[in-house]
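S.K.: Sharing a structure, written as structure tokens. Questions coming.
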Amino acid sequence: MYNFEFKNPVKILFGKGKISKLSKELPKHKKILLTYGGGSIFKNGIYDQVKEATKGFDMIEFRGIEANPEYETVMKAVEIVKNEKIDFLLSVGGGSVLDATKFIAAAALYEDDDPWDFLAKRYEVIVEKALPIGAVLTLPATGSEMNGNSVITRVETQEKLAFGSPYLMPQFSILDPEVIYSLPERQISNGIVDAFIHVIEQYLTYPVNSPLQDRMAESVLLTLIEEGPKVLADKTNYDAAANFMWSATMALNGIISVGLPQDWGTHQIGHELTAYHGIDHAQTIAIVLPGMMNIRRKEKEAKILQYAERVWNIKEGPVDERIDKAIEKTVEFFESVGVKTKLPDYGVSIETVDKITERFEKRGKKIGEKADVGPDQIKLILEDRL
Ligand code: NZQ
Ligand code: ZN
């Protein structure tokens, strides 16, 4: 295991009715901006719960953050934050609203240049301060509620990029599993797959003698395999919803990956598919992952075999056969929860493969746990999914 430092200061308020605790968590005598998406919170009663719990607070609203939040939209909110002298941001929504809120929190205090640099020059322009954030999560999937990451899209250049900072971690996140009751099936499917692949990105690399982290990662995978279908069968099954929600948070709050190498190549390639075609985030990574496992089977061999054995009970046969079976099982699982895994399922053809390959070539940065996956391999990974 590598050396590590770990701190996760996010306070989690988990369970039925926890939205009513908002007033205890919000700062008194501060001006708050409530951020939310396209309006699902009006239909499912979450907006009413939030308003009830925040009576007496000085709060204004910013509505209309879209899925795959756009730079163009969040910059409008940054203006409001500056003009209205906002001190605290309250995000009520899924990963998109929360990621947008994180960007707003950092951009509002950044005077040097264009805050897009946080994304475009991720390793040169670092977030050094941000307004405090609180979150009411309405969709388990991204883990954004307990991490410092954010993903923003710039429409004019068709770019979707990530950035992160400890300053972007919410001060608190409220996780009431009952928010799942109103989710469309597609979002539940997406959430299961996104959380699953978050674990895979931190687990399916190479061994560094980390039995505890490995077993924690495998527990999250096995719990998603068990509980995900139960939520899809009946989204008002509170226990299944609660287990799914907590699994999604645990998948990306940093705990399972301390001291480990991490990949994130599947995500980086997936983001390009959203940028060019607007495909849902989880769908893009469900497409890419099987290709990543297939093309990089040599580099990832030891961990794929461990995954095959401990998650799918595949113990016998020649190495390549076991790897093939592990990929097959992964694909079967994604498809069984309603997420298709091939490019043509989404109307994507070879031209996009070429465009994405060129983009990685231009950027000149290799990806993967050893930063050795270049455009040629990325092309093979995508071609594998045609
Ligand atoms: O906008 P509204 O009307 O609220 O509708 C949303 C949206 O259309 C709806 N929804 C959310 N909660 C609901 C609900 N509908 C009914 N009932 C509810 N309780 O669901 C739709 C999708 O929401 P979105 O927030 O986009 O989904 P998700 O949470 O999956 O977030 C996806 C975004 O997060 C990024 C993705 O790239 C994508 O932009 N990611 C963020 C990460 C992070 N910060 O750590 C990591 C992930 O890998 C991911 O990249
Ligand atoms: Zn993801």
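Here my numbering is used: the first residue of the sequence shown is 1, the next is one more, and so on.
Where a beta carbon is used, it is the ideal one built from N, C-alpha and C, also for glycine.
Helix, strand or coil: how does DSSP classify G164 here?
M.R.: Residue mapping note: residue 164 aligns to position 164 of the sequence shown, counting from 1. Strand, per DSSP.
S.K.: Taking the C-alpha atoms as reference points, what is the distance between P140 and A248?
M.R.: Translated into the one-based positions of the sequence shown, residue 140 becomes position 140. Translated into the one-based positions of the sequence shown, residue 248 becomes position 248. Cα to Cα, the separation comes out at about 6 Å.
S.K.: Quick check on the burial criterion: 16 or more other C-beta atoms within 10 angstroms. Buried or exposed for G56?
M.R.: Locating residue 56 in the sequence shown gives position 56, where the first residue counts as 1. G56 comes out exposed.
S.K.: Quick check: is any heavy atom of the ligand ZN less than 8 Å from the C-beta of T341?
M.R.: Looking up residue 341 in the sequence shown gives position 341. No.
S.K.: Around the Cβ of F62, are there at least 16 other Cβ atoms within 10 angstroms (buried) or fewer (exposed)?
M.R.: Within the sequence shown, residue 62 is the residue found at index 62, counting from 1. Per the 10 Å Cβ criterion, buried.
S.K.: Pull up the CB-CB distance for N253 and M146, whole angstroms please, since I reckon it's below 8 Å.
M.R.: The count along the sequence shown starts at 1 and reaches residue 253 at position 253. The count along the sequence shown starts at 1 and reaches residue 146 at position 146. With a Cβ gap of about 4 Å, N253 and M146 count as contacting.
S.K.: The ligand ZN: which residues have Cβ under 7 Å from any of its heavy atoms, chain order?
M.R.: Taken from the N-terminal end onward, the list reads T142, D194, I197, H198, H267, H281, A282 and I285.
S.K.: Using 10 angstroms around the beta-carbon of H281, count the other beta-carbons present and answer buried if the total reaches 16, otherwise exposed.
M.R.: In the sequence shown, residue 281 corresponds to position 281, counting from 1. Looking at its Cβ environment, which holds 16 or more other Cβ atoms inside 10 Å, H281 is buried.
S.K.: Does the distance from the C-beta atom of D372 to that of K366 stay below 9 Å?
M.R.: By 1-based counting over the sequence shown, the position of residue 372 is 372. By 1-based counting over the sequence shown, the position of residue 366 is 366. Yes, the pair counts as a contact, with Cβ atoms nearer than the cut-off.
S.K.: How should H267 be labelled, buried or exposed, when 16 other C-beta atoms within 10 angstroms of its C-beta is the threshold for buried?
M.R.: Position 267 of the sequence shown, counted from the first residue, corresponds to residue 267. H267 comes out buried.
S.K.: How far does the beta strand (DSSP E) with I351 in it extend, from its first residue to its last?
M.R.: For this step, residue 351 is matched to residue 351 along the sequence shown. In the sequence under discussion, the amino acid at residue 351 is Glu, which differs from the Ile named in the question. That residue, E351, is in no beta strand (DSSP E); its alpha helix (DSSP H) goes I350 to R363.
S.K.: Should E66 be listed as close to the ligand NZQ, given that the test is whether its C-beta is under 8 Å from any heavy atom?
M.R.: To locate residue 66, count along the sequence shown from 1; it is residue 66. Yes, the beta carbon of E66 sits closer than 8 Å to at least one heavy atom of the ligand NZQ.
S.K.: Quick one: complete alpha helix (DSSP H) runs, 4+ long, within the segment 146 to 215?
M.R.: Runs of the alpha helix (DSSP H) inside the segment 146 to 215: 185 to 203.
S.K.: Quick check: the Cα distance between D345 and I152, rounded to an integer number of angstroms?
M.R.: As a first step, residue 345 is located in the sequence shown; it is residue number 345 there, counting from the start. As a first step, residue 152 is located in the sequence shown; it is residue number 152 there, counting from the start. Whole-angstrom Cα-Cα distance: 25 Å.
S.K.: Taking one C-beta from the segment 192 to 210 and one from the segment 297 to 308 each time, how about it: are there three or more such pairs within less than 8 Å?
M.R.: Result yes; three or more Cβ-Cβ pairs closer than 8 Å.
S.K.: Is it buried or exposed for D234, if we count other Cβ within 10 angstroms and need 16 for buried?
M.R.: Here residue 234 refers to the residue found at position 234 when the sequence shown is read from its first residue. Flag for D234 reads exposed.
S.K.: If contacts are defined as beta-carbon pairs under 8 Å, then E52 and F172 qualify, I think. What distance do you get, rounded to the angstrom?
M.R.: If you number the sequence shown from 1, residue 52 lands on position 52. If you number the sequence shown from 1, residue 172 lands on position 172. Not quite, the Cβ-Cβ distance comes to about 18 Å (not below 8 Å), so this is no contact.
S.K.: Note down, in chain order, each residue of its chain lying with its Cβ closer than 6 Å to the Cβ of L90, except the 5 sequence neighbours on either side.
M.R.: As a first step, residue 90 is located in the sequence shown; it is residue number 90 there, counting from the start. These residues qualify, in order along the chain: I32, L34 and G134.
S.K.: What three-state label does DSSP hand K21 in the structure shown?
M.R.: As a position in the sequence shown, residue 21 is number 21, starting the count at 1. Residue state, collapsed to three classes: helix.
S.K.: List the DSSP bridge partners of D58.
M.R.: Stepping through the sequence shown from its first residue, residue 58 is reached at position 58. BP columns for D58 point to K31.
S.K.: Considering only heavy atoms of the ligand NZQ, does any lie closer than 8 Å to the CB of H271?
M.R.: Locating residue 271 in the sequence shown gives position 271, counting from the first residue. H271: yes, Cβ under 8 Å from the ligand NZQ.
S.K.: Using three-state DSSP, classify G93 as helix, strand or coil.
M.R.: For the purposes of this step, residue 93 is taken as residue 93 along the sequence shown, with counting starting at 1. Three-state result, G93: strand.
S.K.: Taking 8 Å as the cut-off, does the CB of N237 come closer than this to any heavy atom belonging to the ligand NZQ?
M.R.: On the sequence shown, position 237 is the one that residue 237 refers to. No; taking the cut-off as 8 Å, the Cβ of N237 has no heavy atom of the ligand NZQ nearer than that.
S.K.: Per DSSP, K11 is paired with what?
M.R.: The count along the sequence shown starts at 1 and reaches residue 11 at position 11. Answer is F172.
S.K.: Grab the span of the beta strand (DSSP E) containing L137 for me, first residue to last.
M.R.: Stepping through the sequence shown from its first residue, residue 137 is reached at position 137. Where L137 is concerned, the enclosing beta strand (DSSP E) stretches over I133 to L137.
S.K.: Measure how close the beta-carbons of E50 and V92 come, nearest whole angstrom, since I'm counting them as under 8 Å.
M.R.: As a working note, residue 50 is residue 50 in the sequence shown. As a working note, residue 92 is residue 92 in the sequence shown. Checking the sequence shown, residue 50 turns out to be Val, not Glu. Confirmed, about 6 Å.
S.K.: Determine the closest residue to G143 out of V97, G259 and G364, with distance taken between C-alpha atoms.
M.R.: Within the sequence shown, numbered from 1, the residue matching residue 143 stands at position 143. G143 has its Cα closest to that of V97, out of V97, G259 and G364.
S.K.: Just the Cα atoms here: how many angstroms apart are A106 and D320?
M.R.: Locating residue 106 in the sequence shown gives position 106, where the first residue counts as 1. Locating residue 320 in the sequence shown gives position 320, where the first residue counts as 1. Whole-angstrom Cα-Cα distance: 47 Å.
S.K.: Among T357, K16, D58 and L131, whose alpha-carbon lies nearest the alpha-carbon of S23?
M.R.: On the sequence shown, residue 23 is found 23 positions in, with the first residue counted as 1. Selected option, being the one with the closest Cα: D58.
S.K.: Check whether the Cβ atoms of F88 and K30 lie closer than 9 Å to each other.
M.R.: By one-based count along the sequence shown, residue 88 stands at place 88. By one-based count along the sequence shown, residue 30 stands at place 30. Yes. Within cutoff.
S.K.: Should S150 and A100 be called a contact, given that it needs their Cβ atoms to be closer than 9 Å?
M.R.: The residue given as residue 150 occupies position 150 in the sequence shown. The residue given as residue 100 occupies position 100 in the sequence shown. Result yes, Cβ atoms of S150 and A100 sit closer than 9 Å.
S.K.: Cβ-heavy atom distance between L232 and the ligand NZQ below 8 Å?
M.R.: Position 232 of the sequence shown, counting from 1, holds the residue named residue 232. Incorrect: L232 has no Cβ contact closer than 8 Å to the ligand NZQ.
S.K.: Which one or two residues does DSSP pair with I367 in a beta bridge?
M.R.: As a first step, residue 367 is located in the sequence shown; it is residue number 367 there, counting from the start. Partner(s): V373.
S.K.: Fully enclosed by the segment 303 to 334, which alpha helix (DSSP H) runs are 4 residues long or longer?
M.R.: Taking only runs of at least 4 residues, no alpha helix (DSSP H) segment lies wholly in the segment 303 to 334.
S.K.: Report all residues from its chain with a CB closer than 8 Å to the CB of E227; omit the five preceding and five following residues, and keep chain order.
M.R.: As a working note, residue 227 is residue 227 in the sequence shown. Taken in chain order, the residues that qualify are A240, N243, F244 and S247.
S.K.: For the alpha helix (DSSP H) holding Y276, just list the boundary residues, first then last.
M.R.: Numbered from 1 along the sequence shown, position 276 holds the residue referred to as residue 276. Per DSSP, Y276 belongs to the alpha helix (DSSP H) from G265 to H277.
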